[in-house]
Amino acid sequence: MNLLSRLKLRGGVHPVGRKELSAEAPICTLPLPERLFVSLQQHIGAPASAVVAVGDQVLKGQLIAASQGMVSAPVHAPTSGRVVAIGDYPAPHPSGLPVPTITIEADGDDHWLDFDPPADPMALSPEEIANRVGAAGIVGLGGAAFPSAVKLNLSRKSGVTTLIMNGGECEPYLTCDDRLMRDHPRAVVAGILLIQRAVAAPQVLVGIEDNKPEAIAAMRVAATGTGVQIVPVPSMYPMGSEKQLIQALTGKEIPAGGRAADIGVLVHNVGTAYAVHEALSLGRPLVKRIVTVSGGAVSVPRNLEVLIGTPAQALFDFCGGYKEVPARLVMGGPMMGQEMTNPNVPVIKGTSGVLALTNQEIGRPSPAACIRCSTCVRACPVGLLPLEMAAHIRIGDLGAAVDLGLKDCIACGSCSYVCPAHIPLVHYFNYAKGDLSAKERAKLKQEATKKLAEARNERMDRIARERAEAARQRAAKKAAQEAAKKAAKKAAAEAKSQETEVAA
Amino acid sequence: MTTLTHSPHAHAPISIGKVMATVMAALVPTTLYGFWLYGWPAIFLWSVAMASALLGEAFILRIQGRAVRPALLDGSGALTAWLLALSLPPFAPWWVAMVGALFAVVIAKQVFGGLGQNVFNPAMAARVMLLISFPFEMTLWAAPTPLASAGAPDFMQGLAITFGAAGWDAMASASLLGHVKTEFSRGLDLIHSFPGQFELATAAWGSRAGSLGETATLFILAGGLFLIARRIITWHAPVAMLLGVAIPALIASGIDPARFLGVWPHLLSGGLMLGAFFIATDPVTSPNTGAGQFVFGLGCGLLTWVIRSFGGYPEGVAFAVLLMNAAAPVIDRYVKPRIYGRTRKGAPQPVKEG
């Protein structure tokens, strides 16, 4: 693989970075909030199930909700205190719909549960590392929040040739990974080595966008002599997307419908590596994360170390509040993040940033007609035709959009970002994907109903048949008995007559 | 009531209005040079085309019950009229510009559904309509008489040329391609008709008979490169269109120089440069992908050369572009980008073991 074909991203856009707002201030810890709202659904997969009751005293790091099912993650108390409520609380989702949440009133001591970390985590077996990562409730901290242990186990079984650590952080504004790599490079590298051991990967590449020279330098120093390679990648959105980073670093593509494991690659975020280090070396489960607080409406943008469950409003307040009324609050980055309709939604494990954006920053011109300029085609990192897909979706022809590759869309938003007509292209695609999956579910349900109905009919038929058979058998038995009785009577009568004859 | 918003929560500082304005900015040097070269009649003609297009579009939008302001402010109608004006003979009468501009925005654009919906490039559709309907007015070329030079029409004379019925002495001129075609019809081949007709520098600077904005090849080239640098257009269609003319010209003139014009007269004559950088790159009527645009441009170039060399008209850019406009959907159907993780045919890439 020569260098020319590597490190290249197809399509992509150069959004205004605005990372300078928050990149220069070192990470600072947010003071303990009074109450923490710990969501039980912070990850992809089944929600965790509460193992504490209202009124219970908990210690920091204590398990409060257990993992449910194959793909799930446990949740731990972010501080010591008392469980004051278990119930629904608004979740960081644009719908603002509530999810099951454990509310903890902090006692102010922030007292850790006693842990007994292994003397040398690197001596643990790969299975044990994965188990401990799972028990610590670690999920992908880049934003997708997929349970990390599930990925480790799957990859260990299928074999990994290249472990890729994602330090791309291509979303504008976000600097939490940048800051983490600058401030704690040794811990990050230690975590990377643990992940490497867990999957026995011979090669480790850390992809970092070249707009973070300080992070690259710090990581290079920390990685010296470990075999971990730090690879600067071009700054281009969406470089931090798993598929695109793999392509840039290895030249390989994940086959459509497949997983990174299919091509022997495993991708984890650098923030996840840090959490793995904390979990294995210190025994501390995932109860905090680094969150970028930024946006044109924030007085003092910076990166904060925040307990999971802290309301977003507390982060803004700590950063000096707003210097102007924000036009929109966003959780995550501006390209793929979600609007927070409620500023009190809590930070979850996947929250990389909370942004308060001004009108000027979001820009909301009304959509105009498509001029078929195909800027979106050039911007698409996947090789789709966004303008054609949107045109089909507009008239309700979702099938044609699927034929054009709708299901390969990674929803990165590059097309919407560059569209001179301001057409909300990715909105169309997400709508269509949602509609298709709803239809698919309805179809599955219909099929299941049909199957059940058929099974019932068959069962009823069988029962009827069996009944008829039983009735027939009973009748036959009765007939046989009666015949036997008759025969016996007859025989008796004959015998009697013979007797009479004899007597006569 | 809160409205549901959707990511991305940011947008590139670009709009259709800005795209159109950038293209118009790229046309300014060419246009000013054309004004200087052909004087007042050219200025009047351009003004008539612009005014007719804007008024005509406003009228048709109102009839349709659609918002007038945003459609006019996006600049697409003005750009169409501008391009049309540049392709007209500079001393053409006012009604040619008016009929052409109205045809372009009303018939070729709004009737199809407005911006983004038209199949054919409106400026070229209008030019072809004019050429077929008014062949006399559309092929009456003026020799360049720069503003304030001796023999140049002054303001009043300019008014008379554009708006009056009066002819002009300097009109008895011919474009290079027209001259060649006429001489062929008289049985004279290029060896006899061509000497002294073509000088590279004259052609490049455009001080010769031709359309208002088509002769200053270097200015058009500079405008096109500016648009490529600003990422408004890509290189695919222009380069392919120039190649589409240059390659057959090179081969044919090499085989029979008495019958076929060489590469440079082809590249620097007529509307080719304007067509390559400003017409074939029209987003609405060209294919979506870089590869598709290359095929499209190549087709435009080849057809231009074929029409110039064998057709009844001396110039073929407008016809070639319209024919390829019709083919653009077909090109889009067959030339698609390869999707990540899939083969060219759309099947998932095979998983390689080991």
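The listed protein sequences correspond, in order, to chains A and B. Start counting the first sequence at 2; every next residue gets the next number (my numbering). Start counting the second sequence at 1496; every next residue gets the next number (my numbering). Glycine is no exception: its CB is placed at the ideal position from the N, C-alpha and C atoms.
Backbone CA spacing between residue i and residue j [nearest angstrom]
{"i": "Leu33(A)", "j": "Pro27(A)", "result": "19 angstroms"}
{"i": "Thr1729(B)", "j": "Val14(A)", "result": "16 angstroms"}
{"i": "Met341(A)", "j": "Gly1708(B)", "result": "54 angstroms"}
{"i": "Ala1744(B)", "j": "Arg1754(B)", "result": "11 angstroms"}
{"i": "Ala188(A)", "j": "Val39(A)", "result": "26 angstroms"}
{"i": "Gly272(A)", "j": "Thr376(A)", "result": "34 angstroms"}
{"i": "His1506(B)", "j": "Pro366(A)", "result": "9 angstroms"}
{"i": "Lys152(A)", "j": "Arg285(A)", "result": "20 angstroms"}
{"i": "Ala1592(B)", "j": "Arg1557(B)", "result": "22 angstroms"}
{"i": "Pro214(A)", "j": "Glu21(A)", "result": "13 angstroms"}
{"i": "Pro368(A)", "j": "Ser1510(B)", "result": "10 angstroms"}
{"i": "Glu243(A)", "j": "Leu10(A)", "result": "12 angstroms"}
{"i": "Ile264(A)", "j": "Gly1794(B)", "result": "41 angstroms"}
{"i": "Ser81(A)", "j": "Asn154(A)", "result": "32 angstroms"}
{"i": "Ser353(A)", "j": "Ser415(A)", "result": "19 angstroms"}
{"i": "Pro93(A)", "j": "Ile65(A)", "result": "20 angstroms"}
{"i": "Ala1665(B)", "j": "Gln1612(B)", "result": "In this prediction, Ala1665(B) scores a pLDDT of 49, lower than 50, which makes its location untrustworthy; the coordinate-derived value is nonetheless stated afterwards. So the two alpha carbons sit approximately 41 angstroms from each other."}
{"i": "Val1675(B)", "j": "Ala1521(B)", "result": "31 angstroms"}
{"i": "Gln1844(B)", "j": "Ile1834(B)", "result": "10 angstroms"}
{"i": "His1731(B)", "j": "Ile103(A)", "result": "59 angstroms"}
{"i": "Ala492(A)", "j": "Ala471(A)", "result": "31 angstroms"}
{"i": "Val268(A)", "j": "Ala401(A)", "result": "32 angstroms"}
{"i": "Ile1742(B)", "j": "Gly1749(B)", "result": "11 angstroms"}
{"i": "Glu128(A)", "j": "Leu195(A)", "result": "11 angstroms"}
{"i": "Ser236(A)", "j": "Leu246(A)", "result": "11 angstroms"}
{"i": "Met1496(B)", "j": "Gly397(A)", "result": "Since pLDDT at Met1496(B) reaches only 37, below the 50 mark, its modelled position is unreliable, and the value read off the structure follows with that caveat. Cα to Cα, the separation comes out at about 27 angstroms."}
{"i": "Ile464(A)", "j": "Glu455(A)", "result": "14 angstroms"}
{"i": "Ala145(A)", "j": "Ser1502(B)", "result": "16 angstroms"}
Beta-carbon proximity check, residue i vs residue j, cutoff 7 angstroms
{"i": "Leu1672(B)", "j": "Pro1809(B)", "result": "yes"}
{"i": "Val59(A)", "j": "Ala78(A)", "result": "yes"}
{"i": "Ala1647(B)", "j": "Gly1534(B)", "result": "yes"}
{"i": "Ala380(A)", "j": "Gly12(A)", "result": "yes"}
{"i": "Val84(A)", "j": "Ile105(A)", "result": "yes"}
{"i": "Asn167(A)", "j": "Asn270(A)", "result": "yes"}
{"i": "Ala137(A)", "j": "Val190(A)", "result": "no"}
{"i": "Leu281(A)", "j": "Pro122(A)", "result": "yes"}
{"i": "Gly338(A)", "j": "Val331(A)", "result": "yes"}
{"i": "Ala1621(B)", "j": "Gly1595(B)", "result": "yes"}
{"i": "Ile165(A)", "j": "Leu250(A)", "result": "yes"}
{"i": "Ala370(A)", "j": "Leu1683(B)", "result": "no"}
{"i": "Gly1796(B)", "j": "Val1758(B)", "result": "no"}
{"i": "Ala1815(B)", "j": "Gly1792(B)", "result": "no"}
{"i": "Val134(A)", "j": "Val161(A)", "result": "no"}
{"i": "Ser1547(B)", "j": "Leu1597(B)", "result": "yes"}
{"i": "Pro186(A)", "j": "Ala218(A)", "result": "no"}
{"i": "Glu172(A)", "j": "Gly364(A)", "result": "no"}
{"i": "Trp1636(B)", "j": "Ala1580(B)", "result": "no"}
{"i": "Pro148(A)", "j": "His44(A)", "result": "yes"}
How do the region 369–383 of chain A and the region 1777–1789 of chain B stand: do at least 3 beta-carbon pairs fall below 8 angstroms, yes or no? Short answer: they touch.
Listed from N- to C-terminal order along the chain, which residues in the region 431–448 of chain A have their beta-carbon within a distance smaller than 8 angstroms of any beta-carbon of chain B? Against chain B - using a Cβ distance shorter than 8 angstroms - the residues of the region 431–448 of chain A are Asn431.
Quick check: the region 1587–1602 of chain B against the region 1752–1769 of chain B, are at least 3 beta-carbon pairs closer than 8 angstroms? The count of Cβ pairs closer than 8 angstroms, one atom from the region 1752–1769 of chain B and one from the region 1587–1602 of chain B, stays below three, leaving the stretches out of contact.
With three or more C-beta pairs closer than 8 angstroms as the rule, is the region 292–300 of chain A touching the region 352–361 of chain A? yes
Any residues in the region 1552–1586 of chain B with a beta carbon nearer than 8 angstroms to a beta carbon of chain A? Which ones, in chain order? Pro1565, Asp1569 and Ser1571
Every unbroken alpha helix (DSSP H) within the region 224–263 of chain A, with a cutoff of 4 residues, ordered by chain: 243–251
Taking any Cβ of chain B, which residues in the region 337–363 of chain A have a Cβ under 8 angstroms from it, in chain order? Taken in chain order, the members of the region 337–363 of chain A whose beta-carbon sits within less than 8 angstroms of a beta-carbon on chain B are Met337, Gly338, Gln339, Glu340, Thr342, Leu356, Leu358, Glu362 and Ile363.
Do the region 255–272 of chain A and the region 43–58 of chain A make contact, defined as three or more Cβ pairs closer than 8 angstroms? No, because fewer than three Cβ pairs between the region 255–272 of chain A and the region 43–58 of chain A fall closer than 8 angstroms, the two stretches do not touch.
For the region 1595–1615 of chain B, list every residue whose C-beta sits within 9 angstroms of some C-beta in chain A, in sequence order. Gly1608, Gly1609, Leu1610, Gly1611 and Gln1612
In chain order, which continuous runs of the alpha helix (DSSP H) of length 4 or greater are located wholly inside the region 1536–1597 of chain B? 1563–1568, 1571–1581 and 1589–1597
In the region 1511–1542 of chain B, which residues sit with their C-beta less than 8 angstroms from some C-beta in chain A, listed in chain order? Ile1511, Lys1513 and Val1514
What are the residues in the region 394–418 of chain A lying within 9 angstroms of chain B by C-beta distance? Hits within the stretch, in order: Asp404, Leu405, Gly406, Asp409, Ile411, Ala412, Cys413, Gly414, Ser415, Ser417 and Tyr418.
Between the region 200–211 of chain A and the region 305–322 of chain A, can you find at least three pairs of beta-carbon atoms closer than 8 angstroms? no
Counting only runs that start and end within the region 319–380 of chain A, where is the beta strand (DSSP E) found for 3 or more residues in a row? 329–332 and 354–358
Members of the region 221–244 of chain A that neighbour chain B once the beta carbon cut-off is set at 8 angstroms: Lys244
Against chain A, which members of the region 1773–1785 of chain B pass a CB distance test of less than 7 angstroms? If you check each beta-carbon in the region 1773–1785 of chain B against every beta-carbon of chain A, the ones closer than 7 angstroms belong to Pro1778, Val1779, Asn1783 and Thr1784.
Name the residues in the region 254–265 of chain A whose C-beta lies less than 8 angstroms from a C-beta of chain E; which are they? No chain E appears in this structure, whose protein chains are A and B.
What residues from the region 309–320 of chain A come within 8 angstroms of chain B, judged by C-beta to C-beta, listed N to C? Within the region 309–320 of chain A, not one residue has a Cβ closer than 8 angstroms to any Cβ of chain B.
Secondary structure, beta strand (DSSP E): runs of 3+ residues fully inside the region 288–312 of chain A: 289–295 and 303–308
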